[in-house]
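To keep things clear, I will list the structure first and then write my remarks on it.
Numbering (our numbering), first residue to last: 1 to 292.
Structure, rendered in structure tokens:
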């Protein structure tokens, strides 16, 4: 940025593209920040201010993870737009520095430079999110109908509140043979015919992957981007309760697990299965806020 004709505009654009990449990653793994105030954003594109955050359990595009967010300003599906708004707020604060790079630019030039610097956020986010979705589905290359295929499943997930993390982890094990029933995946849906219709289209798409891409190779790729375990609220709650009583063993254990969220244990235990399993019913009553 320092060597650019307008270093401050270059800094702002770098912040915009980094923020777009970060937000795309959030949406791809079901991460809800919860309190995206401008002071809780980083110009480095880093996730900071771990307050009332959470990961999606059942897929709800409008999920609000912060109990204090009564209007849903920072709902899951609004995060990309809020990040873009925050960049405009940053640009507004930087106006005195923009225009010619020395802090003495005129107002019109500064405004033009600000808008030009933050605009790449849109295309960067769309590209990054599209790429991450394709990777989650195990798709290689881009083919006509891919977005419709992805949207078809996402709408089904939303209508049934299917568990986001487990669904995509199981999707990695999808058997593309025509006679395969994929029961572990199919049983996650109440509307089995709807899933069957989608699975038929997905199977057809996989048949056009080309090259040496078989189910085994696709499974490896998909497990690298679809986590086995995320820090769900009930896991955090269990660790917090013990830590409050002076026992930090569960905090340490969870840290070890979450340092390798994509890895399958060599010899899985009942605890490993619980970490990666469906949340218990009591977890639905957990609410987090800025004071959590």
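Idealized CB from N, CA, C, for every residue including glycine.
- Cβ atoms of residue 255 and residue 164 stay farther apart than 8 Å, at about 23 Å.
- Contact check between the stretch 9 to 20 and the stretch 243 to 255: fewer than three CB pairs, one atom from each, fall below 8 Å, which does not count as touching.
- The residue from 60, 10, 136, 233 with its alpha-carbon nearest to that of residue 51 is 233.
- At a Cβ-Cβ threshold of 8 Å, residue 63 and residue 81 do not count as neighbours.
- It is roughly 23 Å from the alpha-carbon of residue 68 to the alpha-carbon of residue 29.
- Minimum Cα-Cα distance from residue 114 among the listed residues 94, 106, 129, 283 corresponds to 94.
- In the structure shown, the three-state DSSP call for residue 288 is strand.
- Of 209, 225, 106, 182, the smallest CA-CA separation from residue 198 is found for 182.
- Proximity of the stretch 145 to 159 to the stretch 211 to 219 falls short of the contact definition, fewer than three beta-carbon pairs being nearer than 8 Å.
- The DSSP assignment places no complete run of the beta strand (DSSP E) inside the stretch 19 to 57 (cut-off: 3 residues).
- In the structure shown, residue 281 falls within a helical segment according to DSSP collapsed to helix, strand and coil.
- Of the other Cβ atoms in all chains shown, fewer than 16 fall within 10 Å of the Cβ of residue 71; this residue is therefore exposed.
- Excluding residues up to 5 positions away in sequence, 57, 232, 234 lie with their Cβ nearer than 7 Å to the Cβ of residue 279 in the same chain.
- Annotated as distal: residue 186 and residue 228, with beta-carbon spacing of 8 Å or more.
- Taken in chain order, no unbroken stretch of beta strand (DSSP E) lies wholly in the stretch 143 to 207 with a span of 3 residues or more.
- Counting along the chain, no alpha helix (DSSP H) covers residue 259, and no H or E run does either.
- In terms of Cβ geometry, residue 38 and residue 22 do not form a close pair [threshold 8 Å].
- Taking a contact as a CB-CB distance under 8 Å, the pair residue 98 and residue 214 does not count as one, their CB atoms being some 52 Å apart.
- Taken through DSSP and simplified to helix, strand or coil, residue 106 comes out as coil.
- For residue 66, the three-state secondary structure derived from DSSP is strand.
- In the structure shown, residue 82 adopts helical secondary structure according to DSSP, grouped into three states.
- Within the same chain, 156 come within 8 Å of residue 194 by CB-CB distance, once the 5 residues on both sides are set aside.
- Closest option to residue 203, judged by alpha-carbon separation, among 224, 173, 257, 34: 173.
- Annotated three-state conformation of residue 125 is helix, per DSSP.
- In this chain, the alpha helix (DSSP H) harbouring residue 274 covers 270 to 275.
- Going by C-alpha positions, residue 206 is about 18 Å away from residue 167.
- Judged by DSSP in its simplified three-state form, residue 233 adopts helix.
- Residue burial is scored here from C-beta neighbours: residue 260 has fewer than 16 other C-beta atoms within 10 angstroms and is therefore classed as exposed.
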